[in-house]
Each structure stands twice: as structure tokens, then as C-alpha cells.
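The next block holds one structure in the form of C-alpha cells; read it before the comments.
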Amino acid sequence: MQLTEFEYAILDKIIPTQTFEDPLAIKTALRRLVDEQRETLIAQGAATDENFKAFHNTTADNIWHFLRRNAFFAEREGGVFFITEKGRQLRQQKSLQNYIDWREQQTKIDADVMRRTREQGYLEEKQTSVKVEEVERKTNRMGIIAASIIILVVIAILLHKYGVF
């Protein structure tokens, strides 16, 4: 379900002002903004006096569900809401269109990084395998040292037990 142009306009007014951590504050702000547009909406024929309350509720619910469905905020156990990384970026971009443009740019950058990584993959894989071998050698040395210490301790205990010390 996509938002209407009016709903996008309301959402863009909410983005810079809400933390997305308090659902009641978001819903209240949405309802207040729709109420502020009541006369304009009725004059434009988008709503009538009789159906304004339903229009009002539907608009607020659509925006609320849009934010949840697209994971701009999430809910923890116990009904606690928190802003996600997507929500932080949305707030930082200050409008949905700016967020979409930013996300497209990030996708291009990510694709470029992946392409470069793939092109240099053999070299990086070789470097990685050298590091793994180095770690394995250090681990083996540490194991030999630990085993040697344990053997020496056991020998010392045995010598002490049989009165050599």
C-alpha cells in the first residue's frame, strides 16, 4: 500500500520533528497535522464534514503503518518502540524523497565497493590466507608452550611427592 500525496506531505512534516520512539506522540502529531488541513481538504473535496473523522483516522493509520512496515522504527517486547538505523537516516535526510535519493546513492556506492572488492578478491584472499596461517602457527606455539608447562608442573609434583625435593 502506497501513501497518497497528502499522506507523504504529512509524513514529511513529521520526519524532522518526531523521534519515532513514542507511538502516541507520532499519532497525536499526525492527527494534529491532518486537523490543521481540515478546511483545505474539505474545500478541495478530498473530505466532507461527514467523513472527515474517518479520513482523519485513515490518514494517520496509513502513515503509522507505512513507518512500521518499512522498519523506520520497531517494537520491543512490552510495547516499547525504538528508532531503527533506517529511521535515523530518514530523520537525518529530513524528508522521504531525500531519504530515497540518499538510499539510491548508498546502493550505488555499495555496488561500487562490491565490484572493487570482487576485482581485488584474489589478492585479498591470498592476504587473508597468509594471516590465517600466521594465527594458526601462533596458536600451535602457544599450545606447545602450555603443554610443556603442564608437563613440567606434573613432573615437579611427582618429584615433590616422592621426596626428591
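Add 976 to the 1-based position in the sequence shown for our numbering, that's all there is to it. Don't be surprised by glycine CBs; every beta carbon is placed ideally from N, CA and C. Please read all numbers here as calculations on a predicted model, not as lab measurements.
Beta-carbon proximity list for residue i, same chain, < 7 Å, skipping 5 on both sides
i: A1023; result: L1017, F1031
i: A1005; result: I990, T993, Q994
i: K1070; result: I991, P992
i: G1119; result: none
Euclidean distance between Cα positions of residue i and residue j
i: L1099; j: Y1075; result: Since pLDDT at L1099 reaches only 46, below the 50 mark, its modelled position is unreliable, and the value read off the structure follows with that caveat. Rounded to the nearest angstrom, the two C-alpha atoms are 36 Å apart.
i: A1132; j: I1126; result: 10 Å
i: G1139; j: L1128; result: 16 Å
i: R1091; j: E1015; result: 53 Å
i: N1027; j: N1033; result: 10 Å
i: I1085; j: V1130; result: 60 Å
i: A1122; j: T1093; result: 39 Å
i: V1089; j: D1025; result: 55 Å
i: A1087; j: D1077; result: 15 Å
i: V1056; j: R1113; result: 49 Å
i: Q1068; j: Q1081; result: 15 Å
i: K1137; j: S1124; result: 20 Å
i: T1083; j: R1117; result: 45 Å
Proximal residues to residue i (C-beta, below 8 Å), its chain only, five neighbours per side dropped
i: I1002; result: I990, Q994, F996, W1040, L1043
i: F982; result: Q1013, L1017, A1022, T1035
i: R1079; result: Q1065
i: L979; result: L987, N1038, I1039, F1042
i: K1158; result: Since the displayed the chain opens at 977 and closes at 1141, residue 1158 lies outside it and no answer follows.
i: A1019; result: none
Under 8 Å between C-beta atoms of residue i and residue j
i: R1052; j: F1058; result: yes
i: V1010; j: A985; result: no
i: L1072; j: D988; result: yes
Cutoff 6 Å; reference residue i; Cβ partners in own chain excluding five residues on either side
i: L1000; result: none
i: G1054; result: none
i: E1095; result: none
Nearest neighbour of residue i, chosen from the options [CA to CA]
i: N1046; options: L1066, G1055, I1125; result: L1066
i: R1008; options: D1025, K1029, A1122; result: K1029
i: T1060; options: Q1068, A1122, A1050; result: A1050
One or two residues paired with residue i in a DSSP bridge
i: E1051; result: F1057
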